[in-house]
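Peer 1:
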Amino acid sequence: MSATPPGRIGPQGASLPSLRRLLEPLGHRRALATALLFMLTVVPKPVVPPGPGDSLAAPRPSSAPHFACLERLVPVGATVAFFTEPDGTARLEAPMPLYFSQFQLAPRLLVVRPPETWRSGDVDWFLGTVPDPSQARALAAQHGLRVAGQCGPWTALERLR
Amino acid sequence: MTLLAALLLPAWIGVAVAGACGAFARSVSASGRVLGAIVALPVGLGLTSALAFAWMAAMRQRVGTAGEVGLELLLAALVSIAWWARRGRHGGPQAASPSTPRPAPLLVGLGSLALATGLWRLFRDWMVVTWRQPLGGWDAVAIWNLKARFLASAEGWSRAFSSEIAWSHPDYPLLLPAFFARTWIWLGDRSWVVPAATGLAFLLLAVALATVSVYRLRGPVPALVAGVLVCGVAHTSLRFHQYADMPLAFWFLAVNVLLLENAVRPRQRGTLVFAGLAAGAMVWTKNEGWAMLLALLASEAITAWRDRLPAGELRARALAFGAGLAPLAATTVVFKLTLAPTNDLVEGVAWGGLADAGRLATIASRLASDVLSFGPFRVSLAVLVAGLVLVMGAAVPPALRSAAFSLALRLAGVMAAYGFTFAVTPRPLEWHLATTVERLLSHLFPSAVLLATLAMGPIGDPALQPPGEPPHRQADDGGAGERRPGAGVR
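Chains as they are written, first to last, in this note's numbering: chain A, 164 to 324; chain B, 1259 to 1748.
1) Quick one: what does DSSP say Gln1391(B) is sitting in, helix, strand or coil?
2) Please state the DSSP three-state secondary structure of Leu1526(B).
3) In three-state DSSP terms, what is Glu1688(B)?
4) Would you tell me roughly how many angstroms separate the C-alpha atoms of Val1488(B) and Leu320(A), rounded to the nearest one?
5) Go ahead and label Glu1558(B) buried or exposed: buried means 16 or more other beta carbons lie within 10 angstroms of its beta carbon, across all protein chains shown.
6) Which residues bound the alpha helix (DSSP H) around Arg1474(B)?
7) Nearest-angstrom Cα distance between Leu255(A) and Ala1335(B)?
8) Would Ala1681(B) be called buried (16 or more neighbouring beta carbons within 10 Å of its own) or exposed?
9) Along the stretch 225-247 of chain A, where does the CB come closer than 7 angstroms to a CB of chain B? Name the residues.
10) Ordered along the chain, which non-local residues of its own chain (more than five positions away) have a Cβ less than 7 angstroms from that of Ser1289(B)?
11) Identify the contact partners of Ala196(A) in chain B, using a Cβ-Cβ distance below 8 angstroms as the criterion.
12) One question on the structure: do Gly1304(B) and Leu1433(B) come within less than 7 angstroms of each other, judged by their Cβ atoms?
13) Would you check if there are 3 or more beta carbon pairs closer than 8 angstroms linking the stretch 1431-1446 of chain B to the stretch 1404-1416 of chain B?
14) Roughly how many whole angstroms lie between the Cα atoms of Ala1574(B) and Gly1528(B)?
15) In angstroms with no decimal places, state the Cα-to-Cα distance between Met1673(B) and Leu1642(B).
16) Spatial neighbours of Ser1338(B) within its chain, please: C-beta separation below 6 angstroms, excluding the five flanking residues on both sides.
17) Please tell me whether Arg193(A) has its Cβ less than 7 angstroms away from any Cβ of chain B.
18) With 16 as the cutoff for other CB atoms within 10 Å, does Met1550(B) come out buried or exposed?
19) Rounded to a whole number of angstroms, what is the C-alpha to C-alpha distance between Ser1307(B) and Leu1708(B)?
20) Comparing the C-beta of Thr1375(B) with each C-beta of chain A, is any distance below 7 angstroms?
21) Is the Cβ of Gln1723(B) closer than 7 angstroms to any Cβ of chain A?
22) Between which two residues does the alpha helix (DSSP H) harbouring Leu308(A) extend?
23) Could I get the ranges of all uninterrupted alpha helix (DSSP H) runs contained in the stretch 1525-1589 of chain B, with 4 residues as the minimum, in chain order?
24) Can you tell me whether Arg1320(B) is buried or exposed, with buried defined as 16 or more other CB within 10 angstroms of its CB?
25) Show which residues of chain B have a CB atom less than 8 angstroms away from the CB atom of Val206(A).
26) Under 7 angstroms, Cβ to Cβ, is there at least one residue of chain B near Val286(A)?
27) So which residues on chain A does Ile1423(B) lean against when the C-beta distance must stay under 8 angstroms?
28) Ends of the alpha helix (DSSP H) at Trp288(A)?
29) Which same chain residues, not among the five before or five after Leu1511(B), have their C-beta less than 7 angstroms away from its C-beta?
30) Between which residues of its own chain and Arg276(A) is the CB-CB distance below 8 angstroms, once the five residues before and five after are set aside?
31) Anything in the stretch 277-303 of chain A with a Cβ closer than 7 angstroms to a Cβ of chain B? List those residues in chain order, please.
32) Tell me which residue opens and which closes the alpha helix (DSSP H) that Phe246(A) is part of.
33) Beta-carbon separation of Gly312(A) and Leu323(A) under 7 angstroms?
34) According to DSSP, what are the bridge partners of Pro207(A)?
35) Just verifying my parser: in three-state terms, what is the DSSP assignment at Glu256(A)?
36) For Ala269(A), decide whether its Cβ has a neighbour in chain B, counting only Cβ atoms nearer than 7 angstroms.
This is the structure we're talking about:
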């Protein structure tokens, strides 16, 4: 009397050629499923959809020369007000430029301060990207600051002492 | 040379701690030693990170960098002595080699090919993503590596916790940032290589840990299944590379693996100490680690009650686990109490969300949809795992049933905690779900794969593998181990 063991699809011969012996496990439902799983994992998704960070401009060290220049200019312990507009405000379509600048300038603290507080506030350094250097000079004069330097697109303003 | 020293010392500390916990005792098999080494390396990283943080917060101004090096050397010496003392105490005869079932060559070949392909694809795509974003993805730049840059500076390190940069989540734990900062200080250079290489190491170690663990508990073919599937999780995590999510997934997997190991060899208290260390690393890595720790304690308590574990045994287990948990959990608590501002989700918690049926339905629907689409394969990873369990049936070896039950409970517990967090989040729900669910699932999938492969019915000829018995005779305790009372066949 013979019984088919659980999980086995068909009867097995007593002596098998080597190929049959090799393929013998596939006669079992569970082994077949395992083989199928291994084969499925070899096939990747056709296109990996973009992740949450992929739509952003990839932060790369290519802008490092500008930041190396700024690191020489701005003291390590400084708190720095960040601006993007000629009137001293910070307008960001996406926050990544602020995050990336903070990353590059750490341990300097990059903060956003309304321009009306610049003259009497707690911040002595101001860093921004304005297209025209004359706009930076005007901004400095308006708030009692001086232009400390230019690093690529970045203008650094410092409080007059 | 300095880089080598900066990496070798944490590695040695981890190996010595593992040795002191009995991971390399003479009676432990080769696969057991490999498993110990896989967990040891990140444990060394975690302990070094906590030590570096203590030095930054309390001693840097007084003792300088040499003081930090001295502290690490002191820790290395202490754990080495503990290891040496343990070797002296437990040096026994070599245990008999475990008997292994005859694996089907075709399945082993297919599985090895799938794993090799997965690892190659993982490494290739890691190279591509690192080339594109060497400084890491969004949160790596805005949170994890940014904190490391602050911590690396003697003058401005405490600014990492300023409320002025609340967007960088100043309350987040510091296992990765403190380790990166410490290594940068040693090197004298804030190289992007340190976070990038650490991230890759955690991915590869997660795959290795799942593979070796399942090999020990269920044999080679289930091990290859686990390796291939966890490799898929690691590949998916390249979408958020250099984040702390995969390190957290590694720690959660490590705790679960070590508790399963302990279920087979319950007298080896060192395994529980080691599991406690990994649990401490969970909370020192990410805030989600607290949800995992709570789920872990709850699931173990329920399982102990269900198995009617004697009070003395329970106390001894809790003490061993607590001894391991203490160093990194205490570091995290001190950080939270002294430097970290209040977490933004806790501060603005919106309890009303719990009673909002529409909101709960949105959360459930999003979680289900992301579970069903997770993974880098054409067929979702969840479908593969579910299909595997359906076809194979569940046949957990008796010695592992309680531990597997506990693991299933805590996976459900952590998932429920994540769902709860979404229900009460003060952030816009759709945005919060869209930016976090995939990462949260990556915390759980490696451990879910571990559970599924553990529960797999026997593959191939049942005559080779007695039903209900693990394929390996568990001889790592040299015959000293006993099954936990009540953990046998029910």
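Glycine included, C-beta positions come from ideal geometry on N, C-alpha and C.
Peer 2: From the atom records:
1) Gln1391(B) carries a coil assignment under DSSP once its states are collapsed to helix, strand and coil.
2) Note that residue 1526(B) is Gln in the sequence shown, not Leu. Here Gln1526(B) sits in coil by DSSP.
3) Helix at Glu1688(B).
4) Taking the straight line joining both Cα atoms gives about 51 angstroms.
5) Residue burial is scored here from C-beta neighbours: Glu1558(B) has at least 16 other C-beta atoms within 10 angstroms and is therefore classed as buried.
6) Start and end: Val1451 to Arg1476.
7) Distance between Leu255(A) and Ala1335(B), taken at the CA atoms: about 52 angstroms.
8) With 16 or more Cβ atoms within 10 Å of its Cβ, Ala1681(B) is classed as buried.
9) Correct list: Val239 and Gly240.
10) Closer than 7 angstroms at Cβ, skipping near neighbours: Val1470, Tyr1473 and Arg1474.
11) For Ala196(A), the C-beta contacts it makes with chain B under 8 angstroms involve Gly1645, Leu1646, Val1649 and Met1650, in order along the chain.
12) At the C-beta level, Gly1304(B) and Leu1433(B) come within 7 angstroms of one another.
13) Yes, they touch.
14) Spanning the two alpha carbons is a distance of roughly 11 angstroms.
15) One Cα belongs to Met1673(B), the other to Leu1642(B), and the distance between them is close to 19 angstroms.
16) By the criterion of a C-beta distance shorter than 6 angstroms, Ser1338(B) is surrounded in its chain by Ala1274, once the five residues flanking it on both sides are discounted.
17) So yes, Arg193(A) belongs to the interface.
18) With 16 or more Cβ atoms within 10 Å of its Cβ, Met1550(B) is classed as buried.
19) Cα to Cα, Ser1307(B) sits roughly 28 angstroms from Leu1708(B).
20) Judged by the 7 angstroms Cβ criterion, Thr1375(B) is in contact with chain A.
21) For Gln1723(B), the predicted model reports a pLDDT of 44, less than 50, meaning its position is unreliable; a value from the coordinates is still stated below. Not closer than 7 angstroms to any Cβ of chain A, the Cβ of Gln1723(B) fails to qualify, so no.
22) For Leu308(A), there is no enclosing alpha helix (DSSP H); the residue is part of the beta strand (DSSP E) that begins and ends at Leu308 to Cys314.
23) For the stretch 1525-1589 of chain B, the full-length alpha helix (DSSP H) segments reaching 4 residues or more read 1527-1543 and 1546-1564 along the chain.
24) Residue environment: Arg1320(B) is assigned as exposed (fewer than 16 neighbouring CB atoms within 10 Å of its CB, all protein chains considered).
25) Near Val206(A) (Cβ distances below 8 angstroms), the residues of chain B are Phe1635 and Arg1636.
26) No, its Cβ sits nowhere closer than 7 angstroms to a Cβ of chain B.
27) Chain A residues near Ile1423(B): Gln265, Leu272, Leu273 and Val274.
28) First-last for Trp288(A): Trp288 to Gly291, but that is the beta strand (DSSP E), not the alpha helix (DSSP H).
29) The residues are Ala1464, Leu1467, Ala1468, Pro1704, Ser1705 and Leu1708.
30) Ala244, Gly284 and Val286, listed in sequence order.
31) For the stretch 277-303 of chain A, there are no residues whose beta carbon sits under 7 angstroms from a beta carbon of chain B.
32) Per DSSP, Phe246(A) belongs to no alpha helix (DSSP H); it is in the beta strand (DSSP E), Thr242 to Phe246.
33) Result no, Cβ atoms of Gly312(A) and Leu323(A) do not sit closer than 7 angstroms.
34) Answer by DSSP bridge pairing, in chain order: Phe1635(B).
35) Of the three classes helix, strand and coil, the one that applies to Glu256(A) here is coil, per DSSP.
36) Yes, its Cβ sits closer than 7 angstroms to a Cβ of chain B.
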